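Comments concern the structure below.
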Amino acid sequence: MNLKGINIPVLSYLSEKKFITGRELSNQFGISRVAVWKQIQKLKKLGYIISADNKKGYRIVSSADILLPHEIYRNLHTKCIGKQIFYYNKVTSTNSMAKETIKDKKDYFQEGTVIIADIQTAGRGRLGRTWYSPLGGIWLTIVLFPNLEPVYISKITLMTAVVLVQSIRKLYDIPVQIKWPNDVVVKGKKLCGILTEMAAESDCINYVAVGIGVNANLKGEDFPKDVRGKSISLLEILEKSISRVKLVQLLLEDFEKYYHLLQQQQFTPILQEWKLNAETLGKNITILSAGQKITGKAIDITSEGALVIRKEGRETVNILSGTVQ
Ligand code: BTN
5 MNLKGINIPV LSYLSEKKFI TGRELSNQFG ISRVAVWKQI QKLKKLGYII SADNKKGYRI
65 VSSADILLPH EIYRNLHTKC IGKQIFYYNK VTSTNSMAKE TIKDKKDYFQ EGTVIIADIQ
125 TAGRGRLGRT WYSPLGGIWL TIVLFPNLEP VYISKITLMT AVVLVQSIRK LYDIPVQIKW
185 PNDVVVKGKK LCGILTEMAA ESDCINYVAV GIGVNANLKG EDFPKDVRGK SISLLEILEK
245 SISRVKLVQL LLEDFEKYYH LLQQQQFTPI LQEWKLNAET LGKNITILSA GQKITGKAID
305 ITSEGALVIR KEGRETVNIL SGTVQ
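Here is the structure:
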């Protein structure tokens, strides 16, 4: 997405609801009428549909699907999550950006700040893996300062998986499920990933960075060879592009709803929702955990997020982290 030369204040001032004259824009931003007209042409090139009337001026008919903060703010109904959004065209990793910023300037972010990027050059996945993040996806981090004990970190991750399933299903009605611990999958192929990172003292959390990656408008060939066949995108499933802005808005709204429950220490409904949507439960699986292979039937998940496996000899083990093979 090339935003070079785009006057963001002009763009944010334009409205879907009413016409704004060229003269008003020119006075408001101290630029000539010709410069206003050039801005409109650039926006049209980006994919905005703008109605232009000699007398009434300009009105946005439909926006381009750009993850610019004001596009997300336009129809976002939250009190805290996403009230402050930082957008980057290209960044190493939104999670790294969040962590580094908090390290340097502790009060820079507020509760629920979102860092979002069109491209990540060093996107990170779980267990030190690379998360391939080209243009077309949704790569974002939600920064939280919860007044919760550090054991809540795994609950925040489980909750985020539930949020993703809910918002994706509401918009697209596709059979999306959760694969333990925190992959969101469709027919076994990975659609979204979650990377939750935090800094904590023994009894309190300093901050949490919830990294969310959604393979939104990625084509099959956009995926690197090693994950092709294991990953999938919404574009591939629906055979058409989706509005990333709309999905981000719904995701942030659902996140706020569930995060509110968690803050009230009401984890049971979230866990129930997780279980209802789990593709892992009830299956015979093999897990790689701490270099060990464990095989058995996945029978439950604990409130700490551990997967309960019943091994062949009927002995049960709780596994807190690992990868289902
Ligand atoms: C996984 O391995 O499944 C987790 C992938 C998480 C990817 C997201 S994209 C936004 C955020 N920034 C990162 O570098 N990673 C997370």
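Our numbering applies: residue 5 is where the sequence shown begins, and numbers increase by one.
Note that beta-carbon positions come from the ideal geometry of N, C-alpha and C, so glycine has one too.
Model, not experiment: these values are computed from the prediction.
### Query
Helix, strand or coil for Trp143 per DSSP?
Position 139 of the sequence shown holds residue 143. It is a strand residue.
### Query
By DSSP, does Ser16 sit in helix, in strand, or in coil?
Within the sequence shown, the letter at position 12 stands for residue 16. Look at Ser16 here: in three-state DSSP terms it is helix.
### Query
Where in the segment 180-236 do unbroken runs of the beta strand (DSSP E), each at least 3 residues long, occur, reported from the N-terminal end onward?
180-183, 187-190, 193-204 and 209-218, all fully within the segment 180-236.
### Query
Can you list, in chain order, the residues of its chain whose CB lies under 6 Å from that of Phe80, leaving out five sequence neighbours each side?
The residue labelled residue 80 in the question sits at position 76 within the sequence shown. Per the sequence shown, the amino acid found at residue 80 is Leu instead of Phe. The residues are Gly86 and Gln253.
### Message
By alpha-carbon positions, which one of Ala102, Tyr17 and Tyr77 ends up nearest to Ile64?
### Response
For this step, residue 64 is matched to residue 60 along the sequence shown. Looking from the CA of Ile64, the closest CA among Ala102, Tyr17 and Tyr77 belongs to Tyr17.
### Message
Let me confirm a value: Ile27 is counted as buried when at least 16 other C-beta atoms fall within 10 Å, else exposed. Which label applies?
### Response
Position 23 of the sequence shown, counting from 1, holds the residue named residue 27. It should be pointed out that residue 27 corresponds to Arg in this sequence rather than to Ile. An exposed status is given to Arg27, since fewer than 16 other beta-carbon atoms sit within 10 Å of its beta-carbon.
### Task
Compare the beta carbon distance of Leu152 and Leu292 with 9 Å and say whether it is the shorter of the two.
The residue you call residue 152 lines up with position 148 of the sequence shown. The residue you call residue 292 lines up with position 288 of the sequence shown. Not in contact: Leu152 and Leu292 (Cβ atoms no closer than 9 Å).
### Given Gly217 as reference, the closest of Gly140, Val38 and Leu148 once Cα atoms are compared
On the sequence shown, position 213 is the one that residue 217 refers to. Minimum Cα distance to Gly217 is reached at Gly140.
#### Entry: Cα-Cα separation, Lys250 to Gly317
On the sequence shown, position 246 is the one that residue 250 refers to. On the sequence shown, position 313 is the one that residue 317 refers to. CA-to-CA, the gap between Lys250 and Gly317 works out to about 49 Å.
#### Entry: Through-space distance from Asp187 to Glu260, alpha-carbon basis
The sequence position of residue 260 within the sequence shown is 256, counting from 1. The sequence position of residue 187 within the sequence shown is 183, counting from 1. C-alpha separation (whole angstroms): 20 Å.
### Message
Would Ile89 and Arg248 be called neighbours here (beta carbons separated by less than 9 Å)?
### Response
Position 85 of the sequence shown holds residue 89. Position 244 of the sequence shown holds residue 248. Their beta carbons are not under 9 Å apart, which means Ile89 does not touch Arg248 by this criterion.
### Pair within 9 Å by beta-carbon distance, Thr161 and Thr200
Locating residue 161 in the sequence shown gives position 157, where the first residue counts as 1. Locating residue 200 in the sequence shown gives position 196, where the first residue counts as 1. Cβ atoms of Thr161 and Thr200: closer than 9 Å.
#### Entry: Meets three-Cβ-pair contact criterion under 8 Å: the segment 58-74 and the segment 88-103
Judged by Cβ distances under 8 Å, the segment 58-74 makes contact with the segment 88-103, as three or more pairs qualify.
### Cβ neighbours of Asn99 in the same chain (closer than 8 Å, five flanking residues each side left out)
As a first step, residue 99 is located in the sequence shown; it is residue number 95 there, counting from the start. For Asn99, where only same-chain residues beyond five positions count, the Cβ hits under 8 Å are Arg128, Thr145, Leu199, Glu201, Ala213 and Gly215.
#### Entry: C-alpha gap between Asn11 and Gln270, whole angstroms
Taking the sequence shown and counting its residues from 1, one reaches residue 11 at position 7. Taking the sequence shown and counting its residues from 1, one reaches residue 270 at position 266. Rounded to the nearest angstrom, the gap between the Cα atoms of Asn11 and Gln270 is 45 Å.
### Query
According to DSSP, which residues form a beta bridge with Ser55?
Mapped onto the sequence shown, residue 55 falls at position 51. DSSP lists Arg63 as partners of Ser55.
### Task
Give the DSSP bridge partners of Asp258, in chain order.
Counting from 1 along the sequence shown, the entry for residue 258 is found at position 254. None; Asp258 has no bridge partner.
### Query
Out of Thr117, Lys229, Val231 and Ile53, which has the shortest C-alpha to C-alpha gap to Glu20?
By one-based count along the sequence shown, residue 20 stands at place 16. If we check each option's Cα against that of Glu20, Ile53 comes out closest.
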